[in-house]
Amino acid sequence: MSTAEPIIRLAGVTKRFGRTVAVDDVTIDVPRGRCLGWLGPNGSGKTTLIRCMLGLARVSAGTIEVRGREVPRDVRQALAGVGAIVEEPRFYPYLTGRRNLEVAAGFVGHEAFGRIDDALGRVDLAGAAGTAVKKYSLGMRQRLGVARSLLTDPELLILDEPSNGLDPAGMAEFRQMIRSFVEQDGRTVFISSHLLDEVEKLADDIAIVQAGSLVAHGTVAELVAGGAATVRVRVDEPERARAVLGALRFVSGVQAPEPRTLDVSVERVDDESSMAIARALVESGIGVAEIVQRRESLEERFLDITRAEEPPTAPEAPS
Amino acid sequence: MTRALLRTIVGRKGSFLGTIGVTLGAVIVVAVVLAIVHGLRPGRNPSIGGQPMLDGVSGAVWLLGGVGAIVIGALAGSYDVAQGTMRYLVLTGVRRIGMYAARTTALVAAVLLALLPALVLGLVLVFLLPHETAANVNASEVGDVVWTCFLWPTVFAVIAMGIGSLLRSNGAAVAISLFFAFAAAPLLGLVSAASETLGNLMLLPALARVTGDNHGAPIAAAAAAVVGWVALFWCAGAVRITRDEY
């Protein structure tokens, strides 16, 4: 398979539970060698989509291809190069970390046994490998989950809310580890989260989902660029300034959030538009105290997108 | 895969080591009781070992080993789903029916391993403990006891695994499996009141027939009935395993 081909291809994927639509007509190609953040509020169908991609649940409509193989038809070949954590990593608590990996290796294949030591070392659990999992902290279980995912030597890692329950230091460490999978190993990481901050720091590309639908997709810069762009001006005659600016060709609207302050919506926030606004105001004899270019942050953009429709919450599938 | 699953079954020490401990303990209790009654009235109870000990071992391992095997089997069926580890086994891409078959093999191996220590100890005591010549046992009698002590628990363990796979809850799986073995299965014997032929094909009479009972259905029919009963529960579990979403 060509490396240019997407590692995940979703076409019209829909998953219904009775009358509830948990995943709604999702179509996206996930490129190789990058980290995609699948971002959405709780209950937006993130885990359900992941379960469908991994052959754990059947789609109601649409097709899923993972590594060029159709799921669930060719699920075994598709998953041969995939590691995953779904919701939370679960283990046999009475077995040690190493024994748990040996159980997993027994399913993956003989070569997986040779990867156990490397995987434990990679997640910094070599020293605790002989301890029963019931004595592990949540962070250690998350890392053991990643180690288990590595037993297939995966080209694709699918991680569902992997930093849930981690403290800030643990989250930073976890992010570093995930980035190393992309940057050093060239693996693709598909990570779902409801934590915008986490996804922004981790992902190359972001897909935003709301009530099961994919509502935005692109790099951080592209998503922010798609948001509202304004130039904020502070003037001595706001009413006259409003009239002057409203007449400019590239201005789509003028708001007054505070007295003497105007937010001017423009097609593109750049120096040219700011200078044109300043020139128009000065030429009209209006005093200008301040001009500031304002672009929506990713957080504002995310809130804009997810508040846009506020549909009823789509539940996650029963586990 | 079978070895990996065996490891998860025998790793549940409460059920696996518990069964070993209880059956070993029961065999020792049988030996101690026989020694005491021999000591109290040696004329009436001339033998500690031999046939009396063999009968005691058979009863102890059959009954307590059966209970242990049912618990082991029920947990083998329900634990992975209840614990959430099932989805991680499924997403390795292994065929679910293959996994279920491997789990059955692992369960049978685990039950045999759990019962073996008590059976070996019991048989050693049968021959080592003092007994009169009339109480000597022969190879055929030993073979019958070994066959009975392995087959009954194994059959109920596999049935319990099917029930556990259906119910997906550890507590419910153990409770319903024990209920089936000690209440539902004996009650099914009432069918013989309506039809003796049909009654002979119920699980308990059929099992008794294939483990030495001289009465009942022809042995081939009884064996087929036992296989059918096990297959019924096994297939019900298999359907659930292969169709469920995780």
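Top to bottom, those sequences are chains A and B. The first sequence runs 1 to 319 under the numbering used here. The second sequence runs 1001 to 1246 under the numbering used here. Note that beta-carbon positions come from the ideal geometry of N, C-alpha and C, so glycine has one too. None of these values were measured; they are calculated from a predicted model.
Query	Result
Per-residue contacts from E1245 (chain B) into chain A (C-beta, under 8 angstroms)	R51, L56, A57, R58 and A317
T306 (chain A), DSSP secondary structure in three states	helix
Chain-ordered neighbours of Y92 (chain A) on chain B, where CB pairs are closer than 8 angstroms	T1008, G1011, Q1083 and T1085
Bounding residues of the alpha helix (DSSP H) (the contiguous stretch that carries I1159 (chain B))	A1139 to L1167
Beta-carbon proximity of I291 (chain A) to A278 (chain A), cut-off 8 angstroms	yes
Between the CA atoms of W1062 (chain B) and S1140 (chain B) - distance to the nearest angstrom	18 angstroms
Chain B contact for E161 (chain A) (CB, 8 angstroms cutoff)	no
Sequence-distant residues of the same chain with beta carbon closer than 8 angstroms to E87 (chain A), five excluded per side	T47, D160, E161 and S319
Nearest-angstrom beta carbon gap, V282 (chain A) and R260 (chain A) [assumed within contact, 8 angstroms]	Not a contact, Cβ separation roughly 16 angstroms.
Per-residue contacts from V103 (chain A) into chain B (C-beta, under 7 angstroms)	A1004, R1007 and T1008
Distance, R1012 (chain B) Cα to L138 (chain A) Cα	22 angstroms
G1021 (chain B) versus S44 (chain A): straight-line alpha-carbon distance, rounded	50 angstroms
Which listed residue (A:R301, A:I116 and A:V59) has its alpha carbon closest to that of G18 (chain A)	A:V59
7 angstroms Cβ cut-off: residues of chain B touching V86 (chain A)	R1087
Spatial neighbours of E102 (chain A) in its chain, beta-carbon cut-off 8 angstroms, leaving aside the 5 residues before and after	F113 and I116
Within 8 angstroms, strictly: CB atoms of S252 (chain A) and E237 (chain A)	no
Contacting positions in the segment 190-222 of chain A - beta carbon closer than 7 angstroms to chain B	none
Rounded separation between Q210 (chain A) and P41 (chain A) - CA only	7 angstroms
Distance between beta carbons of V1230 (chain B) and I1159 (chain B), contact taken as under 8 angstroms	6 angstroms
Terminal residues of the beta strand (DSSP E) in which E65 (chain A) lies	A61 to V66
Contacts around V1137 (chain B), its chain only, beta-carbon distance under 7 angstroms, and the 5 residues preceding and following it disregarded	G1050, Q1051, L1054 and V1126
For D270 (chain A), the three-state DSSP class (helix, strand or coil)	coil
Terminal residues of the beta strand (DSSP E) in which V235 (chain A) lies	A229 to V235
Where R99 (chain A) meets chain B, residues with beta-carbon distance less than 8 angstroms	R1007 and G1011
Contact set for L196 (chain A): own chain, Cβ-Cβ below 8 angstroms, skip 5 residues either direction	L39, L298, E299 and F302
Collapsed DSSP secondary structure at L159 (chain A) in the structure displayed	strand
For S1177 (chain B) and I1070 (chain B), believed in contact at Cβ under 8 angstroms, the rounded distance	5 angstroms
Spatial distance of S1047 (chain B) from L1188 (chain B) (CA atoms)	38 angstroms
Own chain partners of H1038 (chain B) with C-beta closer than 6 angstroms, once the 5 adjacent residues on each side are dropped	N1045 and I1048
Any chain B beta carbon closer than 8 angstroms to V269 (chain A)	no
Boundaries (first-last residue) of the alpha helix (DSSP H) holding K46 (chain A)	K46 to M53
Pairwise C-alpha distance: D304 (chain A) and A314 (chain A)	With a pLDDT of 48 at A314 (chain A), under the threshold of 50, the predicted position of this residue should be treated as unreliable, though the coordinate-derived value follows. Each residue's alpha carbon lies about 19 angstroms from the other.
Chain-ordered neighbours of L79 (chain A) on chain B, where CB pairs are closer than 8 angstroms	L1091, T1092 and G1093
Proximity test, Cβ basis, 8 angstroms: M969 (chain B) and chain A	In the structure as shown, chain B starts at 1001 and stops at 1246, and residue 969 (chain B) therefore has no counterpart that could be examined.
Contact list for L95 (chain A) against chain B, beta-carbon separation under 9 angstroms	R1007, T1008 and G1011
Residues near A61 (chain A) by beta carbon distance below 7 angstroms, same chain, minus five either side	G12 and T14
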